[in-house]
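Read in order, the letters of the sequence shown correspond to residues -17 to 541 in this note's numbering. Cβ atoms here follow ideal geometry from the backbone N, Cα and C, with glycine treated the same way. What you are looking at is a predicted structure, and each value in this text was computed from that prediction instead of being measured. Notes follow once the structure below has been shown.
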Amino acid sequence: MALYLHTAASSGAACDGLQAPSIPDARVLWITSNTVQNFTYPPVTGLTGEPIAGATGDSSPLTFCNVSMVLTHPGDNDTVLVSVWLPPHDTWNTRYTATGGGGLGAGYDFNMISPLAAGFAASATDAGLTLNNTIMADTGLWGLKEDGTVNEPLFKNLGYRSIHDMAVASKDVIKQFYGVEPKYSYWAGCSQGGRQGYAAAAKYPTDFDGILAVAPGLGFGHVGLAAFWPVVVMYNEGEYVPSCIFDKFEAALLESCDPDDGLVDGLITDYDLLISCPRSFNTSALIGQTVTCREAGNTNFTITERQAIIYWFGTVPGATFSGIAETVFDNATGRWLPKPFAPAAGWLTNIIAPQMGIEAKLQHLYRDTGILTLTYNQYFVAFNISLALSSPFLSDSYLNFRSFQKSGGKLLTWVGLADQFVHPAHLFDFHASVTKTISPGNSSNIEDFYRIFTAPGVRHCAGGLGPQPVSPMGALIEWVEQGKAPDTLSAKADSSTAREIVRDLCLYPKKSVYKHGELAQHDGFECQEPEGRLQRPNEDEDEDDDYESDKTIIGDDDE
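As structure tokens, this is what we get:
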């Protein structure tokens, strides 16, 4: 659909005349604004599945009002950067989109390019995690104060506070510049940005009319450390497995699981197989097979029993090991070395390890000291510290959507079923907990405000062999502004893959089932309720229970 409403008339302040906004419990230290003309940019990855700005090479240069401000929370000693990009009056679609982050970062300016090109006023914030632009947030160097204590204000910023500050500040300068408030406000983010979207819905239910939260990194205390688990296993089992052997395991797992969903097409459409199939996969069947590693000069390696043990039970079928269990060949030594996922390494090195008395230094992604030699027991200690530290700010404990539902907000999520970083099963469990709380016995009753769509073969946020949504933001806009709730999402495979696939993504818990016709076209598939679907609690159960009885709901009040 077109993302444009009628454009706003020019009746606001000049770009260079914008004033500091008023933000509750925060103080703006300074604000600058200037007009940027003929802004050009390389192709930008669409983290939410939107059309990629500049991908075709024919994008027009952009002109916009570039607003930058720094704010602080008195007593917290933080320095928070907020960027707002405002398109010209005659191209503004009267909407506002706040963008989220990824990894350990709260936001990045490049995520504003696609919405700006589509006519949105857009914003991003670093939540203070770059320490006034002196570090990269993924290093985790922001997590502890100089005295070694936890920097709780910055965890609070990342968790939820900076989302609200950014929304308030952005709407203020939007009204100053255009003379009117945005007609509709949206959130868009993937991974950490998806988690932030869920936090926004729970903590600030009236900030956004619609939230597009893709592959949300829920339970970040788990996710942050789980991404480092493969490195720990390889160290403790005595071998860093060559990347080409992981590729072989990956291909073999997909080949083994693919028929179990009723169709051999290189995609797993049945989400129930994401746990059951890897668990039963016989890795020993590959022992003795030879694999050629181009990275090691086309050297042949024979798969060993130890490598088969290290692999089991792998990842979800179709997921890549790149990033999650990546190794690189060191030509100088002839050895394979681990290359940990950067945010996980930063989280462990600079936030968790110091609290364990482990001296760690992030020298290079695969030459860290300290964290690369964790024993299993040390890792479990680190895991518990991670959970305790992140629980008040980055966990699922405060994600109560009652107020968001009552406000009329809409939350749209899609998740790749080949996600290598965040297992989709956790999202489905969370969906069940929301159902139990708001609509016991009938998940369709929460679909008036919360919908999840599954993307077979798609990896974390994007990539993979499967089709990903063509315009999920367009679907969200239709839902919010016209009341047309999406039952499917149109999707298309990345053009860089070997084949073109067009399918409709199904509304969870429905599954895509092949019926007849061409495999690459959506006409041959239909979305069906899963057979033997588990019954939820009876409708006469107390609907006022919290999502989970053992969780503490912080509440809807802004902290």
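Top-ranked residue by Cα proximity to Cys226, from Tyr160, Gly244 and Ser304: Here residue 226 refers to the residue found at position 244 of the sequence shown. For Cys226, the nearest C-alpha among the options comes from Ser304.
Proximal residues to Gln1 (C-beta, below 6 Å), its chain only, five neighbours per side dropped: As a first step, residue 1 is located in the sequence shown; it is residue number 19 there, counting from the start. Contacts found: none.
Candidates Ala364, Lys230, Val310 and Ala267: closest to Thr274 by CA position: Taking the first residue of the sequence shown as position 1, residue 274 is located at position 292. Answer by Cα proximity: Lys230.
Span of the beta strand (DSSP E) around His65: One-based indexing of the sequence shown puts residue 65 at position 83. The question names His, but residue 65 is Ser in the sequence shown. Val62 to Leu68 is the extent of the beta strand (DSSP E) around Ser65.
Endpoints, alpha helix (DSSP H) assigned at Asn359: The count along the sequence shown starts at 1 and reaches residue 359 at position 377. From DSSP, the alpha helix (DSSP H) with Asn359 extends over Tyr358 to Leu376.
Cβ-based burial, Lys185 [other Cβ within 10 Å; buried from 16]: Residue mapping note: residue 185 aligns to position 203 of the sequence shown, counting from 1. Burial call: buried.
Sequence-distant residues of the same chain with beta carbon closer than 7 Å to Met148, five excluded per side: The residue given as residue 148 occupies position 166 in the sequence shown. Around Met148: Val64, Ala80, Ser105 and Thr107.
Beta-carbon proximity of Ser167 to Asp191, cut-off 7 Å: Here the question's residue 167 lines up with position 185 in the sequence shown. Here the question's residue 191 lines up with position 209 in the sequence shown. Their beta carbons are under 7 Å apart, which means Ser167 touches Asp191 by this criterion.
Cβ pair Gly300, Ile250 closer than 7 Å: Taking the sequence shown and counting its residues from 1, one reaches residue 300 at position 318. Taking the sequence shown and counting its residues from 1, one reaches residue 250 at position 268. Their beta carbons are under 7 Å apart, which means Gly300 touches Ile250 by this criterion.
Beta carbon of Tyr78 nearer than 7 Å to that of Ala103: Residue 78 sits at position 96 when you count from the first residue of the sequence shown. Residue 103 sits at position 121 when you count from the first residue of the sequence shown. Yes, the Cβ-Cβ distance between Tyr78 and Ala103 is below 7 Å.
DSSP beta-bridge partners of Gln510: Residue 510 sits at position 528 when you count from the first residue of the sequence shown. Lys493.
Cα-Cα separation between Phe431 and Ser389, rounded to whole angstroms: Numbered from 1 along the sequence shown, position 449 holds the residue referred to as residue 431. Numbered from 1 along the sequence shown, position 407 holds the residue referred to as residue 389. Distance between the alpha carbons of Phe431 and Ser389: 10 Å.
Unbroken alpha helix (DSSP H) run spanning Trp211, endpoints: Translated into the one-based positions of the sequence shown, residue 211 becomes position 229. Where Trp211 is concerned, the enclosing alpha helix (DSSP H) stretches over Trp211 to Glu219.
Sequence-distant residues of its chain with Cβ nearer than 7 Å to Arg515 (five each side left out): For the purposes of this step, residue 515 is taken as residue 533 along the sequence shown, with counting starting at 1. Summary for Arg515: the model assigns pLDDT 46, below 50, so the residue's position carries little reliability, and this model does not support an answer.
Nearest-angstrom Cβ-Cβ length linking Thr54 and Val66, presumed shorter than 8 Å: Your numbering for residue 54 matches position 72 in the sequence shown. Your numbering for residue 66 matches position 84 in the sequence shown. So it is not a contact: roughly 18 Å between Cβ atoms.
Extent of the continuous alpha helix (DSSP H) run through Thr417: By 1-based counting over the sequence shown, the position of residue 417 is 435. Run containing Thr417: Pro406 to Ile420, per the alpha helix (DSSP H) assignment.
Beta bridge counterpart(s) of Phe311 as assigned by DSSP: As a first step, residue 311 is located in the sequence shown; it is residue number 329 there, counting from the start. DSSP, once it has assigned bridges, lists Trp318 as partnering Phe311.
For Ser105, the residue or residues it bridges with in DSSP: For the purposes of this step, residue 105 is identified with residue 123 of the sequence shown, where counting begins at 1. Val66 and Ala80, per the DSSP bridge assignment.
Interface flag, Thr131 vs chain D, CB-CB below 7 Å: Here chain D cannot be found, since the structure has a single protein chain.
Thr265 versus Ser173 - alpha carbon distance: What you label residue 265 is simply residue 283 of the sequence shown in a count that begins at 1. What you label residue 173 is simply residue 191 of the sequence shown in a count that begins at 1. Approximately 30 Å between the Cα atoms of the pair.
Exposure of Asp(-2), with buried meaning 16 or more beta-carbon neighbours within 10 Å: For the purposes of this step, residue -2 is taken as residue 16 along the sequence shown, with counting starting at 1. Burial call: exposed.
Ala437, enclosing beta strand (DSSP E) - first and last residue: Residue mapping note: residue 437 aligns to position 455 of the sequence shown, counting from 1. Counting along the chain, the beta strand (DSSP E) containing Ala437 begins and ends at Tyr432 to Ala437.
Residue from Pro451, Ile428 and Phe375 with nearest C-alpha to Arg485: As a first step, residue 485 must be located in the sequence shown, where it is residue number 503. When each option's Cα is compared against that of Arg485, the closest is Pro451.
Residue from Leu245, Tyr361, Gly141 and Pro43 whose Cα sits closest to the Cα of Val215: Taking the sequence shown and counting its residues from 1, one reaches residue 215 at position 233. The shortest Cα separation from Val215 among Leu245, Tyr361, Gly141 and Pro43 belongs to Tyr361.
Rounded distance between the beta-carbons of Arg441 and Gly398, thought under 8 Å: Working through the sequence shown from its first residue, we reach residue 398 at position 416. Working through the sequence shown from its first residue, we reach residue 441 at position 459. Sure, about 5 Å apart at Cβ, within 8 Å.
Buried versus exposed, by CB contacts within 10 Å (16 or more), Arg143: Within the sequence shown, residue 143 is the residue found at index 161, counting from 1. So Arg143 counts as buried.
Length of the line joining the Cα atoms of Lys165 and Leu86: The residue given as residue 165 occupies position 183 in the sequence shown. The residue given as residue 86 occupies position 104 in the sequence shown. Taking the straight line joining both Cα atoms gives about 31 Å.
Under the three-state DSSP convention, the category Thr470 falls into: Translated into the one-based positions of the sequence shown, residue 470 becomes position 488. Strand at Thr470.
For Ser379, the nearest candidate out of Gly201, Phe323, Trp461 and Asn93 (CA to CA): Position 397 of the sequence shown, counted from the start, is the residue given in the question as residue 379. Checked all of Gly201, Phe323, Trp461 and Asn93; the closest Cα to Ser379 is Gly201.
Straight-line Cα distance separating Asn366 from Tyr160: By one-based count along the sequence shown, residue 160 stands at place 178. By one-based count along the sequence shown, residue 366 stands at place 384. Using only the alpha carbons, I get a separation of about 49 Å.
Buried or exposed by the 16-neighbour rule on C-beta atoms within 10 Å, applied to Gly(-6): By 1-based counting over the sequence shown, the position of residue -6 is 12. Gly(-6) should be labelled buried.
Inter-stretch contact (C-beta, 8 Å, three-pair minimum) for the segment 117 to 128 and the segment 326 to 339: yes
Arg288 versus Gly248: straight-line alpha-carbon distance, rounded: Residue 288 sits at position 306 when you count from the first residue of the sequence shown. Residue 248 sits at position 266 when you count from the first residue of the sequence shown. The straight-line gap from Cα to Cα measures roughly 28 Å.
His146 burial status per 10 Å Cβ neighbour count (16 or more: buried): Taking the sequence shown and counting its residues from 1, the one referred to as residue 146 is at position 164. Result: buried.
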